[in-house]
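Residue numbers for the sequence shown, in full-length UniProt numbering: 1 to 385. Every residue, glycine too, gets a C-beta built ideally from N, C-alpha and C.
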Amino acid sequence: MAQAIKCSHCGAPLRDSKASTITCPFCGVTNRIHPTVGQTQVREAVRQILNERVQTAPPRKQPLAPVALIAGAVVMMGVAGVLAALLTRTPSPAPRVVTPRPVTPPVPPKPPEPPPPPAKKPWGQLMSLVADEQGDLLAVFNSTLVKIDPATMTAKWFTPFNRGSGNYAIVIPRGKNIAVVTDSVASFFDSASGEKTNDYQYKRGGILERACAAGPSQLLVDVLGEGVMRFDASTGKKAEWGPSCALKDKLACPASQRCGWSRFQNADYDCRYAVHVGKDAYRSCTSEDGKKRTLVIATGSKTWEHETDESVEAYFGVVGDVLLLGGYRAIVAFDKDSGEELWRKPANASTVFAGSKAVYFEHEGTLVAVNPVDGAEVQRLALRD
């Protein structure tokens, strides 16, 4: 069936004509008319074109046989490898044996060590040692006064003081007060607390020779260069008058004995210090035989002499059956009847105090108590902080 022709501008039907153009009678637009081709004609034209291309195309090249064979062989080998991998079972590796390590518990960090305690200090050279009215020991170490309980050998208190110049000191207990006299100053303290109450400087000073306790609170002091002075320990000042007392040498010995400077000289001996015990006398001497030997001699009920390397410096007295000599370097004990040396202890010009059961002196910078018979140590004052 022929397709109706319409105007391309207004759509009005146009009259079929074989002409290539038709003018629309309604709007006057000239329309170009394309010839109508049937489907059979179209298919025939396409077939002719295809036949012409097949006849004019060059012949197809066939692949070379060796190349095809090699490619096939490669493919077959690949297939064979895949099949072998799939069908062959690889043995599983042996299980790994793991030896367990011993478990070591963690070591806690070492705590820091505490700082070492401060070093203890020695008390020093013992210059004077006595017992007060209550039985406590009063010791002067260099320029420190110490009150000591002899039962426990502990310091109740200690206090420093100005000793001034010189080498000698004597401590004198006066009830509630304590006096310490030296070559150049007299110091006074409260007995209960150790608090210093006063210092009294001498006008000139010199060498302390003797002292003694007078009445309930006073004391007399003899200083070479000053003369004899009287003090009242309750006030810490000089006193104009008061009771008298027998001045004792600074050389120490038991209270019942007389000791100190006592010059004795004959053809055999030159003696400087002596201690008198009843009718017996013991002397520290040097020989007059040209050898200048240091000797201790005894006169009285027993007579003997013993050569030693120590001369009297701070103490000379008899305790029981033992004669004790406090020298410059050591404390030496002798049998009072035979003169045999029993024992010795190193000491720095230490004085000695004889108690009821022991003797006390300075050893290695502190106070020790020993058995007078054999020198065995009984107690020791701890070093100071």
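Residue from G135, G317 and G28 whose Cα sits closest to the Cα of S256: G317
Buried or exposed by the 16-neighbour rule on C-beta atoms within 10 Å, applied to V9: At residue 9 the sequence reads His, which differs from the Val that was named. H9 comes out exposed.
Have a look at A12 and I5 and give me their C-alpha separation to the nearest angstrom. 9 Å
Just the C-alpha distance for Y328 and R204, rounded to the nearest angstrom, thanks. 28 Å
Could you tell me whether the region 130 to 139 touches the region 109 to 120, where touching means 3 or more Cβ pairs closer than 8 Å? no
Alpha carbon to alpha carbon, what distance is there between C7 and P25? 9 Å
Sub-8 Å separation of S262 and Y273 beta-carbons: yes
If you draw a straight line from the alpha carbon of L383 to that of T366, how long is it in whole angstroms? 7 Å
Residue environment, A376, which counts as buried when at least 16 other CB atoms sit within 10 Å: exposed
Thinking T159 and F189 are a contact (beta carbons under 8 Å), I'd like their distance in whole angstroms, please. 7 Å
Cα separation between S128 and L208? 13 Å
Checking 8 Å against the spacing of the C-beta atoms, do V319 and L342 come in under that value? no
Tell me the rounded alpha-carbon separation between K238 and K248. 20 Å
Excluding the 5 residues flanking T23 on each side, which residues of the same chain have their C-beta closer than 6 Å to its C-beta? T30
Kindly indicate the opening and closing residues of the beta strand (DSSP E) around T197. K196 to Q201
Is Q379 close to the ligand HEM? I mean its beta-carbon at under 7 Å from any heavy atom of the ligand. Although the ligand HEM was asked about, the structure shown includes no ligands whatsoever.
Please say whether L325 and V312 have beta carbons closer to each other than 8 Å? yes
Does M1 pass the burial test, meaning 16 or more other C-beta atoms within 10 Å, or should it be called exposed? Caution applies to M1, whose pLDDT of 47 falls short of 50 and renders its modelled position unreliable; the value that the coordinates give is listed next. So M1 ends up on the exposed side.
Going by DSSP, what residue range makes up the beta strand (DSSP E) through residue 398? The requested residue 398 does not occur in the structure, where the chain is confined to residues 1 to 385.
Going by CA-CA distance only, name the one from K250, N371, V275 and G278 that's closest to A314. K250
Applying the 10 Å Cβ sphere with the 16-neighbour rule, what's the burial state of S224? Note on identity: in this sequence residue 224 is Leu, with Ser being the wrong assignment. Per the 10 Å Cβ criterion, exposed.
DSSP state of L50 mapped onto helix, strand, coil: helix
Measure the beta-carbon distance from F353 to A131 and round it to whole angstroms, keeping in mind my assumption that it falls under 8 Å. 7 Å
In terms of residue numbering, what span does the beta strand (DSSP E) encompassing A330 cover? A330 to D335
Return the CA-CA distance between L295 and G236, expressed in angstroms with no decimal places. 43 Å
Using a threshold of 8 Å, state whether the C-beta atoms of V181 and V221 are closer than that. yes
My output table needs one value for R263: the three-state DSSP class, helix, strand or coil. strand
Are the CB atoms of G260 and D280 within a distance shorter than 8 Å? no
Check for me: the beta strand (DSSP E) holding A139 runs from which residue to which? L137 to F141
R43, DSSP secondary structure in three states: helix
With distances taken from CA atoms, which of F161, S287, A155 and G339 is nearest T303? G339
Between Q201 and L145, what straight-line distance do the alpha-carbon atoms span, to the nearest angstrom? 18 Å
By how many angstroms is the C-alpha of S287 removed from the C-alpha of N177? 45 Å
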